[in-house]
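Protein chains in written order, with numbering that gives the first Met the number 0: chain A, 0 to 711; chain B, 0 to 711.
All residues carry an ideal CB built from backbone N, CA and C; glycine is no exception.
One structure is given here, and the rest of the page talks about it.
Number of protein chains: 2
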Amino acid sequence: MADSGKGRILQFAPFQSSVDEGFWHKLSSLKLNKLRLDESPIPITGFYAPCSHPQVSNHLTLLAESLPAESDEEQSSLLASQGNRNRCPVPSILLNTNTLESFYALDKQSLLKAEAKKVWDDIYSGKVEEDGSVLLRFLVISFADLKKWSFHYWFAFPALVLDPPATLVNLKPALQCFTSEEAESLSRACNEWRSKSSTADIPFFLVTISSNSSVTLRNIRELEACQNNGQKVIFGFYDPCHLPNNPGWPLRNYLAYICSRWGLGKIHFFCYRENRGFADLGLSLVGEAEISLSQGGNHENMPNVVGWELNKGKKVPRCISLAKSMDPTRLAVSAADLNLKLMRWRTLPSLNLEILAVTKCLLLGAGTLGCQVARMLMAWGVRKITLVDSGKVSMSNPIRQSLYALDDCLNGGKFKAVAAVESLKRIFPAVEAEGVVMAIPMPGHSVSSQEESSILQDCRHLCDLINSHDAIFLLTDTRESRWLPSLLCASANKITITAALGFDSFLVMRHGAGPAGSIQNSQPETLNNVSAGMVNLSLSSQNDSQRLGCYFCNDVVAPIDSTANRTLDQQCTVTRPGLAPIASALAVELMVGVLHHPSGINAKAEFANSNDNGCTEQPLGILPHQIRGSLSQFSQMTLVGHASTCCTACCSTVVSEYLTKGMDFILQAINHPTYLEDLTGLTELMKSAGSYTLDWDNDSENDDNDDDCVEI
Amino acid sequence: MADSGKGRILQFAPFQSSVDEGFWHKLSSLKLNKLRLDESPIPITGFYAPCSHPQVSNHLTLLAESLPAESDEEQSSLLASQGNRNRCPVPSILLNTNTLESFYALDKQSLLKAEAKKVWDDIYSGKVEEDGSVLLRFLVISFADLKKWSFHYWFAFPALVLDPPATLVNLKPALQCFTSEEAESLSRACNEWRSKSSTADIPFFLVTISSNSSVTLRNIRELEACQNNGQKVIFGFYDPCHLPNNPGWPLRNYLAYICSRWGLGKIHFFCYRENRGFADLGLSLVGEAEISLSQGGNHENMPNVVGWELNKGKKVPRCISLAKSMDPTRLAVSAADLNLKLMRWRTLPSLNLEILAVTKCLLLGAGTLGCQVARMLMAWGVRKITLVDSGKVSMSNPIRQSLYALDDCLNGGKFKAVAAVESLKRIFPAVEAEGVVMAIPMPGHSVSSQEESSILQDCRHLCDLINSHDAIFLLTDTRESRWLPSLLCASANKITITAALGFDSFLVMRHGAGPAGSIQNSQPETLNNVSAGMVNLSLSSQNDSQRLGCYFCNDVVAPIDSTANRTLDQQCTVTRPGLAPIASALAVELMVGVLHHPSGINAKAEFANSNDNGCTEQPLGILPHQIRGSLSQFSQMTLVGHASTCCTACCSTVVSEYLTKGMDFILQAINHPTYLEDLTGLTELMKSAGSYTLDWDNDSENDDNDDDCVEI
Ligand SMILES: [Zn+2]
Ligand SMILES: [Zn+2]
């Protein structure tokens with residue numbers, strides 16, 4: 000049995016690959032965050048170790064650490080792991096294609112040859128003596144389907160084919176090839192080699208046996224020296240294979256190296272194998288082989304190459320799906336990220352996904368508009384969403400309010416703010432959504448003294464919510480419920496987006512910066528000096544007209560109580576079904592535009608197809624102030640309206656009055672229908688004429704349409 | 000005890016009201032379908048009967064039949080129910096307000112007086128003799144909250160107050176007031192009166208007792224005759240009250256009638272009560288009362304009136320909520336209907352909800368567009384929706400595809416067609432939604448002979464689906480998957496709507512009528528003669544250019560296989576999140592427009608704000624051919640593109656070839672990429688020049704934008 004190899008052609012057990020799931024996760028992350036659509040070869044590092052079990056071969060393994068680092072910190076932690084005896088590094092490249100078609104279309108023979116050529120070159124350049132692992136160079140091709148979390152891949156371990164093939168003179172367990180002194184010395188030398196961090200992961204080495212049976216392991220670059228001093232030299236290598244009659248794959252290129260680099264024709268080799276972490280000479284093999292290269296072994300004539308790994312005996316790639324083993328939330332997050340990142344790679348390199356992910360959005364109203372805005376925000380990658388609504392889901396809601404289903408209406412109905420959050424989490428569990436059940440206090444709805452404290456509590460709560468969020472959407476269905484939020488947003492200088500529906504027309508607009516915001520902007524030195532800003536407020540009310548207006552700036556009337564005595568049809572928000580999704584989509588696009596604009600909330604109004612925007616146009620497109628659309632005309636236009644000096648919500652008089660008097664001011668506005676009009680001079684103005692600024696970007700448009708956008 | 004009433008003021012047990020749930024359901028239906036926002040008084044009929052149980056008074060009841068009929072058939076069934084002894088009809092009016100505020104604001108005293116005035120007038124006009132029930136006239140005010148299915152209401156039973164009040168001479172069980180012969184005769188007469196359909200529901204009558212103890216019941220109009228022949232006369236009435244010492248409410252106006260009409264000062268009355276369906280003289284009362292009217296009982300001086308019903312002793316209205324007792328599905332249906340009907344009442348009287356409810360919509364694709372289109376259709380009242388998709392819900396879908404949640408993605412994902420239907424039913428259980436898991440066969444994707452039969456089966460299935468639906472939406476995400484549906488729709492002349500998304504622009508269009516459709520339209524005599532139409536097809540290909548184009552008419556290239564070798568980013572449909580909701584909304588609005596247009600599928604293209612449409616404009620607005628929009632420009636425009644004579648999907652050559660060769664033709668188109676181009680002469684055309692008709696409604700627009708709307 001021990002002699003069974005004699006004279007026969009030497010056959011090698013193929014390398015077996017193994018890929019840790021972490022590798023695929025890391026690859027996915029790398030692709031999403033760094034590589035994107037780049038298909039260039041990625042340098043990766045495989046790991047292997049000598050066989051360590053009598054019945055199991057060791058695999059060549061890819062781990063998360065096999066891939067290049069995404070960041071510098073990560074890189075340094077990889078470096079620290081060098082010298083690991085169970086992870087001998089093997090250089091390799093990964094070709095990750097962008098499509099399954101190009102994966103299959105890869106010219107595998109050429110790729111294999113190209114890698115083998117590197118090995119061949121390294122043999123002649125002397126690189127092998129510096130780093131033997133280059134003899135193990137391998138190649139992986141892959142297609143990562145990040146939508147389905149499945150990975151198609153194929154390993155190639157290029158092996159230079161000796162021609163004629165190597166023949167075995169003999170092949171025996173190492174134990175049978177040495178005296179017991181030699182064997183003991185060999186074991187000790189091996190264990191020492193494997194335990195020193197400077198040699199532990201060096202897979203090719205020389206075993207020299209001196210005449211006194213003392214065995215030494217040396218670096219292969221010392222071969223000439225050993226040959227010169229007449230020691231017996233055995234070519235050792237870490238053999239991943241466990242088979243008793245076959246050496247493993249690494250021996251192939253080793254022999255080619257020995258043959259072509261050193262011109263040796265008959266050599267001894269030592270297949271080093273371990274058991275329980277120590278050299279096992281019963282498992283390890285020693286063989287004698289005759290090797291030659293008919294082409295004469297010169298650099299020009301590279302031998303043939305083999306090496307594509309078989310999959311269950313067939314020449315087909317492997318495929319692994321990780322979807323089932325992954326946490327659904329994590330899958331959902333990565334899938335959602337993928338879509339957004341693809342958008343960035345493909346057309347919007349400047350898309351700032353990071354800012355979208357951290358922007359805190361406050362939605363006032365969780366009805367038709369609120370539901371759809373929340374969905375749109377999630378689709379844009381916004382993760383922090385708070386919905387405020389005092390209502391319950393009623394039977395007529397689910398058909399138009401896209402976060403609710405019939406179940407939410409039963410037994411009196413869930414609170415919308417609660418049901419909406421549940422629904423958002425069912426869609427995307429990683430969303431950080433919160434619901435606040437609260438009515439928005441409204442001006443002109445006078446309150447009794449008993450109600451006063453609860454109304455004030457709501458006012459303060461709303462104020463806190465607005466201060467703790469970055470972008471506020473006004474999506475309620477009455478005009479007057481937008482007044483307090485408009486005022487608070489103007490005071491806090493928050494990004495504010497209004498969407499309002501008529502029967503078949505809509506208005507979507509971003510509010511201009513508040514009066515204090517404008518001042519802060521023009522006088523940066525007062526940024527941290529609010530009171531200084533406030534003093535200036537009343538002095539600079541003429542600045543109002545340079546700011547963009549808020550929802551109330553277009554009005555010459557102050558918000559009044561429009562809910563009382565509304566007829567049945569007015570109580571139901573009657574709009575053409577198509578309006579809300581359109582207005583909601585535009586509202587969110589507008590917010591995304593503000594977040595991406597270098598001037599942010601202070602960005603001036605831009606118009607469609609206007610030359611004005613030429614040089615300032617952002618990758619996302621123009622950033623208008625107002626968009627009005629009509630479903631009956633299938634038309635849409637962009638407009639600008641500047642801040643009114645007697646706006647009941649955002650003019651400097653009102654804002655500074657609020658900042659000075661706080662809740663007292665709000666109570667007065669709530670209780671006295673004409674208070675705001677008197678304060679702002681609107682009452683006076685209405686006596687004279689209704690003059691407010693409205694620039695249309697389309698001169699052919701009639702002003703008649705102006706009333707289209709009515710409140711229901 | 001029997002004499003306990005002697006000399007005291009006569010007191011009456013108030014009428015008690017009772018409303019059957021059916022009444023509210025019928026009122027809701029009537030309001031939605033007929034009355035709408037009309038607040039005029041509704042004539043209704045209350046029902047009552049004599050007390051029929053010793054311990055329980057009978058109520059005045061409103062049933063579904065109390066309300067006027069919605070249709071003529073219903074009316075006749077109501078007439079058939081006259082003469083029911085347990086449902087003596089009482090005329091009344093219902094004032095149903097549109098708001099809770101106006102309900103409370105009603106001037107109840109005036110209303111009560113106005114009804115009493117009718118009674119008073121009827122007394123003097125002699126109407127009472129014709130129909131005594133007018134003495135029981137009553138009044139109901141209500142507010143029906145159809146959103147919450149709660150009903151606020153208040154009954155008034157106007158009673159003319161005698162001044163001075165009537166006083167009782169005595170009041171005894173009837174049994175004690177008659178001889179046994181008289182009693183027996185009275186019982187017999189009463190039972191006879193109550194069993195004859197001509198008298199059973201006449202609540203006021205005369206009891207006359209002849210000297211031979213024979214008792215007769217007579218109509219009150221016979222009073223004079225009875226008085227003249229000296230018979231003893233007792234004024235009888237159906238008494239709903241069971242109390243032993245009080246007559247019921249109907250006696251009040253009866254006494255006022257007797258006093259003012261007949262000038263009688265001292266009368267006998269008979270409170271007729273039953274037990275187990277027969278006269279019960281032990282329960283019935285006979286009393287003697289003194290009555291007078293100080294004002295002299297002339298028509299000008301109407302007495303005071305009382306009568307608003309108390310609610311648990313208080314002067315407040317009642318409220319009943321039916322939501323909890325109703326089947327959720329029914330509630331959902333009625334709530335959805337309400338919204339649509341309100342839309343019709345308020346602004347679109349010509350809105351044809353009936354046609355929307357029966358239109359069968361076929362959605363090809365249940366992705367971002369398909370989900371949103373299905374939602375929009377439901378919101379418009381479309382109830383028959385079929386979704387076709389071969390895909391499964393993947394992790395990246397829920398965040399953009401509004402019918403799916405994370406649960407649908409687990410374990411490999413549900414089929415979209417299945418999950419979408421489940422979701423639609425959760426939103427609105429009455430929707431008739433079906434899902435078909437099937438891929439759309441595509442041209443240029445050549446198939447092996449094994450696949451052929453399954454592809455042909457899909458083609459036939461698609462053909463059947465298109466034929467069995469009324470409107471087809473093309474919502475897939477590749478150009479070539481739209482080809483076969485476009486052809487089949489053109490052949491079957493179906494309403495066809497395409498929505499296609501680019502990265503930040505969209506195209507929504509309705510396809511023109513098919514070539515056969517145009518011919519049928521212009522030559523109505525061939526309507527039932529398909530082959531005649533077909534013969535004409537090739538002759539009339541010049542007609543193509545007058546038809547509106549289909550999705551492929553704008554192309555100079557035939558659809559090719561664009562899915563092979565798509566890069567990762569192209570496989571994911573990368574669009575700005577706002578696009579799909581906007582395009583979906585417009586697609587559905589377009590279909591609703593076609594359904595409402597008198598020319599339907601043949602309607603010519605209309606433009607926004609164009610004078611051309613002036614006289615033909617529909618209530619829903621204009622009906623454009625194509626709408627293209629850009630999110631980066633926040634712009635939208637309407638366009639027209641006429642049918643191309645070499646369109647690969649809808650030209651007469653292609654359609655007639657398909658109608659002649661059927662599936663063979665389709666197989667050729669699928670297998671041979673250039674077949675369609677060769678057939679239509681497109682190949683030739685491309686050699687010369689790319690000329691196709693595209694009329695822009697906005698001259699200032701650059702043609703550059705034309706490529707915006709690309710397929711991903
Ligand atoms: Zn303002
Ligand atoms: Zn066409």
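Contact with chain B by residue i, beta-carbon distance below 8 Å
i: P316 of chain A; result: no
i: P397 of chain A; result: yes
i: K147 of chain A; result: yes
i: Q10 of chain A; result: no
i: I379 of chain A; result: The residue asked about is misnamed: residue 379 of chain A is Trp in this sequence, not Ile. Yes, W379 of chain A counts as interfacial toward chain B.
i: L174 of chain A; result: no
i: I471 of chain A; result: no
i: A356 of chain A; result: no
i: A199 of chain A; result: no
Residue i vs residue j beta-carbon contact at 8 Å
i: S51 of chain A; j: A173 of chain A; result: no
i: E308 of chain A; j: S16 of chain A; result: yes
i: C408 of chain B; j: K383 of chain B; result: no
i: L585 of chain A; j: V507 of chain A; result: yes
i: D476 of chain A; j: G366 of chain A; result: yes
i: L675 of chain A; j: A668 of chain A; result: yes
i: D457 of chain A; j: K415 of chain A; result: no
i: K464 of chain A; j: T358 of chain A; result: Inspection of the sequence shows that residue 464 of chain A is occupied by Leu rather than by Lys. Not in contact: L464 of chain A and T358 of chain A (Cβ atoms no closer than 8 Å).
i: I92 of chain A; j: P40 of chain A; result: yes
Distance between residue j and residue i (C-alpha atoms, nearest Å)
i: R7 of chain B; j: A288 of chain B; result: 10 Å
i: A165 of chain B; j: F11 of chain B; result: 11 Å
i: G599 of chain B; j: M590 of chain B; result: 10 Å
i: S184 of chain B; j: L216 of chain B; result: 10 Å
i: K33 of chain A; j: L337 of chain A; result: 13 Å
i: P49 of chain B; j: A331 of chain B; result: 40 Å
i: S634 of chain B; j: L368 of chain B; result: 20 Å
i: L363 of chain B; j: P484 of chain B; result: 8 Å
i: S401 of chain B; j: A373 of chain B; result: 10 Å
i: A335 of chain A; j: L341 of chain A; result: 10 Å
Closer than 9 Å at the beta carbon, the chain A residues around residue i
i: V587 of chain B; result: P576 and G577
i: R425 of chain B; result: P397, A404, L405 and D406
Minimum Cβ-Cβ distance from residue i to chain A less than 8 Å
i: R7 of chain B; result: no
i: W23 of chain B; result: no
Chain B contact residues for residue i, given Cβ-Cβ distances below 8 Å
i: M375 of chain A; result: P576, G577 and P580
i: S393 of chain A; result: K146, K147 and A334
i: S583 of chain A; result: P580
Under 8 Å from the C-beta of residue i: neighbouring residues of chain A
i: G620 of chain B; result: D503, S629, L630, S631, Q632 and F633
i: N338 of chain B; result: S395, I398, R399, C571 and V573
Partner residues on chain A for residue i, Cβ-Cβ distance less than 7 Å
i: P42 of chain B; result: Going along chain A, no residue has its Cβ under 7 Å from P42 of chain B, so there is no contact; the nearest lies around 21 Å.
Open item on the list: Residues around ligand 1, please: the ones whose beta-carbon is closer than 6 Å to some heavy atom of it, in chain order.
Closed with: A:G548, A:C549, A:F551, A:C552, A:A642, A:S643, A:C646, A:A648 and A:C649
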